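Note sheet for the following structure.
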Amino acid sequence: MAESILLRFLKGGLIDVNGDDAKLDKIGAAAGELASELRKSPSKAVAYVLAAVDPEVDGDDPVIVEALDALSKHWVTYVNTFSGTPVAVARAIVLEGLVQAATDTPSVGAAFVALARNAFSVSVPSADTAVWADVIMEIEKDVDARAEAEWAVPSSISAPIADLKVPELTPLTVTADPTDVDHLKAGFYAAAGPHYVDPQQGQQLVSNGNPHSPHNNPVHWAGEFGNRMAVSVAEALDTAVNGLTVGNADLSEPIRSLATGVSEYVAEALTAVAAATTSLQRRVALVWWKESLFSPTRRVSYRDLPPTAAATLMAFDLHQQVPVSSPGSVVAFLAETVMSLPLVDTEQTYAVSDLVELAQTEKSLDMARGAGALLTAPPEGRGPVIALIAHCDAPASRDRSAFRRLTGVPDAARLTLAQWACWVFRELQATSATAASKASRSSKRRSRG
């Protein structure tokens, strides 16, 4: 960002360092320390956002304590500068740390946008609302760009170029019987005339062949010569061909090599097609889900559930079907799906605390509560609303007086069922993106990590 969060808070009169740039640098160093912690443990982003976004967060909240502990490492005497716990300074430190971490840790950015959107939907405008609004919009641009790229449907699919290696073939082995030269000579002599002189013996021999002489009767001689020569040559050729032996060629290895190359190419091409059509398949599945109004996790129609339970279950089911990186349009899709239920009054609002209490006991949400328990830790410091639902047996989850302190949600906050479903969905996405777990709180119980 062009201007740091700390400078924006300073210019807006939200923090005061009495014009001492050195003190501002120390606050910045503390923010950098929290940013490093977020990069190592992105799951801390959930508690960080929910504490930093609330101007009324308690001074003893684990996140605020952690921020001030980081500040004390760089500015030991900070307690002498402020009257009381400098919550505004701690919130600025946390927000600056979040912004720094979000630039190179996508999961932190995704959690930041989702949770901040929730918080501002029920919060009362405060002195730092404008700063937060700008920050949310700036980070949301990057988050949505990544999500839209993941959800994009390509206009064409590029198949890999086939680079098949032609295997070398083993030459064939051909053997043949030697030609019987003497037999061939005898045939040729017989075709040439009735007598011939053997070159080695030097004497005239009878051929028992052509009775005609080329000098005395050339026409008849030629006919007889042609017939006898044809027979002799044909016999020699037949004998030669019949004597040929071709060795069996071993083509198993070349064929195996070629088959492997073709299989690898086809597999690579299919992988490219599958990757390119994943988004399309996801969209088709979501349209079917919306049209059927059927829960894939509970195997029941949403129409058969109480509207409050159906809206909550829809949020969980959608979360199960989409990646943690999802564009803002997915939230709008969920809202439209909830409002399509016949029994949902789109204008009726419910107290958030009442919706939480209903979700804690609704039998159809037991699977959703189990999944939420794997993503969140039992409520202690500031955390998501779904932690109270998932850990419904924890005493703090049932304590109405602790609701504001644990969630940051005003007691008077009210939401429509569509808004409630979107709230739950965003929290599920945020906690999944940052890989939170039940054991994620630090040993000092300062934040959910």
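Position one of the sequence shown corresponds to residue 158 (the working numbering), numbered consecutively onward.
Even glycine gets a Cβ: it sits at the ideal position worked out from N, Cα and C.
Quantities reported herein were computed from a predicted structural model and do not represent experimental measurements.
The criterion of a C-beta distance shorter than 9 Å is not satisfied by Ala271 and Glu493. Between the stretch 249-256 and the stretch 163-179 there are three or more C-beta pairs closer than 8 Å, enough to call the two in contact. For the 9 Å CB-CB criterion, Glu297 and Gly485 form a contact. Residue state for Arg571 is assigned as strand, using DSSP reduced to three classes. Between the alpha carbons of Ala259 and Val419 lies a gap of roughly 44 Å. Within the same chain, and ignoring the five residues on either side of Ala306 in sequence, no residue has its Cβ closer than 8 Å to its Cβ.
For the pair Glu381 and Ala333, the CB atoms are not nearer than the 9 Å cut-off. Collapsing the DSSP output to three states places Phe582 in a helix. Ala309 sits in coil when the DSSP states are folded into three classes, being neither helix nor strand.
Around the beta-carbon of Met471, 16 or more other beta-carbon atoms lie within 10 Å, marking it buried. A straight line joining the alpha-carbon of Thr564 with that of Leu171 spans about 23 Å. Collapsing the DSSP output to three states places Thr336 in coil. The three-state secondary structure of Phe269, taken from DSSP, is helix. DSSP lists Thr573 as the bridge partner or partners of Thr506. Under the three-state reduction of DSSP output, Val281 falls in the coil class, being neither helix nor strand. In the structure shown, the three-state DSSP call for His476 is helix. Rounded to the nearest angstrom, the gap between the Cα atoms of Ala393 and Leu401 is 13 Å. Per DSSP, His369 lies in no alpha helix (DSSP H) and is assigned neither H nor E. In the displayed model, Thr402 falls within a strand according to three-state DSSP. Straight-line spacing of the CA atoms in Ala187 and Leu181 works out to 10 Å. CA-CA distance, Gln257 to Ala192, rounds to 6 Å.
When DSSP states are grouped into helix, strand and coil, His231 belongs to the helix group.
Counting C-beta pairs with one atom in each stretch, the stretch 491-511 and the stretch 573-588 have three or more that are closer than 8 Å, which means they touch. Under DSSP, Ser452 takes part in a beta bridge, and its partners are Val457.
With respect to Gly266, Asp299 sits close: the two C-beta atoms are nearer than 9 Å.
Remark: C-beta atoms of Pro535 and Ala525 do not approach each other more closely than 9 Å. DSSP places Val354 in the uninterrupted beta strand (DSSP E) bounded by 352-354. Taking 8 Å as the upper bound for CB-CB distance, Pro219 and Gly538 are in contact here, some 4 Å apart. By alpha-carbon distance to Glu448, the top candidate from Ala268, Val495, Leu462, Leu437 is Val495. Across the set Lys342, Leu515, Gln477, the C-alpha of Gln477 shows the shortest separation from the C-alpha of Arg439.
For Val244, same chain residues with a beta-carbon under 7 Å away, outside a window of 5 residues either side, are Val214, Gly216, Ile221 in chain order. The beta-bridge partner set that DSSP reports for Val214 is empty. For Val487, the secondary structure class from DSSP, reduced to helix, strand or coil, is helix.
Taken atom to atom, the span from the alpha-carbon of Asp285 to that of Gly169 is near 8 Å.
In chain order, Val210, Thr286, Trp289, Ala290, Ile293 place their CB closer than 8 Å to the CB of Phe277, counting only its own chain and leaving out the 5 sequence neighbours on each side. Contact check for Ser521 against Arg455 passes: the beta carbons are separated by less than 9 Å.
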